[in-house]
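See below for the structure under consideration.
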Amino acid sequence: MATRVALAPPMVAVASVAVLLVVCAAASVAGQGQLQVGYYNKTCPAAEQIVRNETTVAIGSSPDLAAALLRLHYHDCFVQGCDASVLLDSTPNNTAEKESLPNGSLRGFDVVARVKDQLEKACPGTVSCADILALMARDAVSLARGPSWPVALGRRDGRTSSAASCGDLPPLHGDIGLVVQAFAAKGLDVKDLAVLSGAHTLGKAHCASYADRLYASATCTTPDPALDARYADRLRMRCPSNSSSTSSTAASELDPGSCTTFDTSYYRHVARRRGLLRSDASLLDHRFTRAYVLQAASGRFDGHFFHDFTVSMAKMAAIGVLTGDQGEIRRKCNVVN
Ligand code: HEM
1 MATRVALAPP MVAVASVAVL LVVCAAASVA GQGQLQVGYY NKTCPAAEQI VRNETTVAIG
61 SSPDLAAALL RLHYHDCFVQ GCDASVLLDS TPNNTAEKES LPNGSLRGFD VVARVKDQLE
121 KACPGTVSCA DILALMARDA VSLARGPSWP VALGRRDGRT SSAASCGDLP PLHGDIGLVV
181 QAFAAKGLDV KDLAVLSGAH TLGKAHCASY ADRLYASATC TTPDPALDAR YADRLRMRCP
241 SNSSSTSSTA ASELDPGSCT TFDTSYYRHV ARRRGLLRSD ASLLDHRFTR AYVLQAASGR
301 FDGHFFHDFT VSMAKMAAIG VLTGDQGEIR RKCNVVN
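Numbering (the UniProt record's numbering), first residue to last: 1 to 337.
This is the structure:
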């Protein structure tokens with residue numbers, strides 16, 4: 001294996017070591033962001049169980065919701081920090097994040113609201129919507145047969161949300177350099193990018209998100225050469241023309257054949273030039289992310305990927321958090337108090 005670079009500890013890592021490392025990672029996040037594992041142990045001991053139960057029911061009846069809940073947390077954290085600003089509704093004087101173009105297909109708001117209602121009944125004014133998003137993302141991954149990890153808690157909810165801030169999300173059509181930059185701006189490195197892109201093992205993308213890769217256009221004289229030709233043929237049947245006239249309801253699996261199971265098969269598709277989004281394909285254009293994709297695609301890397309994912313998620317979940325007296329604990333997640 002010529003390209004085996006120092007991406008992760010050797011394959012001898014066993015489950016107990018992984019668990020220990022995750023606990024250490026969570027502890028260091030707690031140190032940096034004043035978040036704590038078990039934060040609600042005294043004030044709302046049932047909090048994590050309530051979230052888990054509601055999430056289990058929701059995903060039990062709609063397995064594709066696991067993807068939606070994971071994505072909600074990511075879109076929350078990248079824009080103004082993990083402060084649940086993504087959940088706020090627009091007001092007559094303000095267009096909220098929800099209404100921005102990149103957030104157009106976010107789902108799962110109703111499930112988050114149901115969880116919040118249960119928590120308000122059990123412990124009024126105690127558990128933040130930002131913490132709910134972090135816990136639901138963790139539970140969604142583990143219910144989809146992925147890893148679980150201790151989530152450091154104690155985030156407070158923001159009081160503002162602006163569609164204009166959504167430019168902080170990595171650009172949909174950007175090359176690897178721009179995606180690396182967008183991650184770096186949030187304190188995430190190239191390894192986090194390779195690892196967190198693995199979230200695309202779950203869920204679907206609509207034609208509008210990738211149709212430009214399938215057709216020549218004013219700016220590109222050919223379809224995207226980075227896309228496997230036979231796969232592109234299949235995708236063109238789902239998206240018969242380029243974006244604007246394409247039905248926005250048609251969606252394709254980001255990890256074909258396994259889009260409700262959290263595993264490494266996403267990386268096998270990317271390695272075979274079948275990454276659906278530009279950002280997936282572009283992982284092959286950087287030395288480190290390419291090496292990570294090829295290792296994860298080897299079929300002998302699942303334990304490493306699961307461990308890496310828990311570490312990178314803990315980093316992402318600590319971006320720009322509000323703690324202490326900052327922000328508030330919203331009573332309803334879609335409006336400020
Ligand atoms: C690397 C930069 C990324 C870009 C450019 C990107 C972009 C996208 C786009 C365009 C979609 C499809 C939207 C649609 O057509 O409806 C999508 C779906 C998704 N993304 Fe990402 N994403 C990125 C990273 C991430 C990260 C870091 C996570 C989570 C940790 C994530 C989780 C998801 C999930 C789970 C879905 C499927 C959602 C569903 O089925 O409802 N993405 N992403």
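We put the beta carbon where it would ideally sit given N, CA and C, even for glycine.
- In this structure, the CA atom of residue 141 is about 17 angstroms from the CA atom of residue 115.
- For residue 276, the CB contacts under 7 angstroms within the same chain, skipping 5 residues up- and downstream, are 205, 210, 252, 254 in chain order.
- Proximity of the beta carbon of residue 179 to the ligand HEM is indicated: a heavy atom of the ligand is located closer than 7 angstroms.
- Taken from the Cβ of residue 64, at least one heavy atom of the ligand HEM lies inside 7 angstroms.
- Along the stretch 166 to 223, the alpha helix (DSSP H) occurs as fully enclosed runs of 4 or more residues at 176 to 184, 190 to 196, 207 to 210, listed in sequence order.
- Going by C-alpha positions, residue 104 is about 16 angstroms away from residue 84.
- With respect to the 8 angstroms criterion, residue 155 and residue 35 are classified as neighbours on the basis of their beta carbons.
- Exclusion of the five residues before and after residue 274 leaves 228, 231 as the residues of its chain whose Cβ lies within less than 6 angstroms of its Cβ.
- Residue 325 has its alpha-carbon roughly 43 angstroms from the corresponding atom of residue 258.
- Between the alpha carbons of residue 178 and residue 45 lies a distance of about 42 angstroms.
- In this structure residue 219 is exposed. Its beta-carbon is surrounded by fewer than 16 other beta-carbon atoms within 10 angstroms.
- When the alpha-carbon of residue 332 is set against those of 191, 212, 117, the nearest one is in 117.
- Runs of the beta strand (DSSP E) lying entirely within the stretch 264 to 306 and spanning at least 3 residues: none are present.
- Assigned with DSSP and collapsed to three states, residue 155 falls in coil, not helix or strand.
- Between residue 151 and residue 134, the C-beta gap is smaller than 8 angstroms, which places the two residues in contact.
- The beta carbon of residue 147 sits no closer than 7 angstroms to any heavy atom of the ligand HEM.
- Between the alpha carbons of residue 173 and residue 212 lies a gap of roughly 9 angstroms.
- Collapsing the DSSP output to three states places residue 68 in a helix.
- In the three-state reduction of the DSSP assignment, residue 242 falls in the coil class, being assigned neither a helical nor a strand state.
- Inter-residue distance for residue 95 and residue 301 is about 43 angstroms (C-alpha atoms, whole angstroms).
- For residue 322, the secondary structure class from DSSP, reduced to helix, strand or coil, is strand.
- Counting only the Cα atoms, residue 70 lies some 28 angstroms from residue 237.
- According to DSSP, residue pairing for residue 249 in a beta bridge does not occur.
- DSSP places residue 103 in the helix class (H, G or I) of the three-state scheme.
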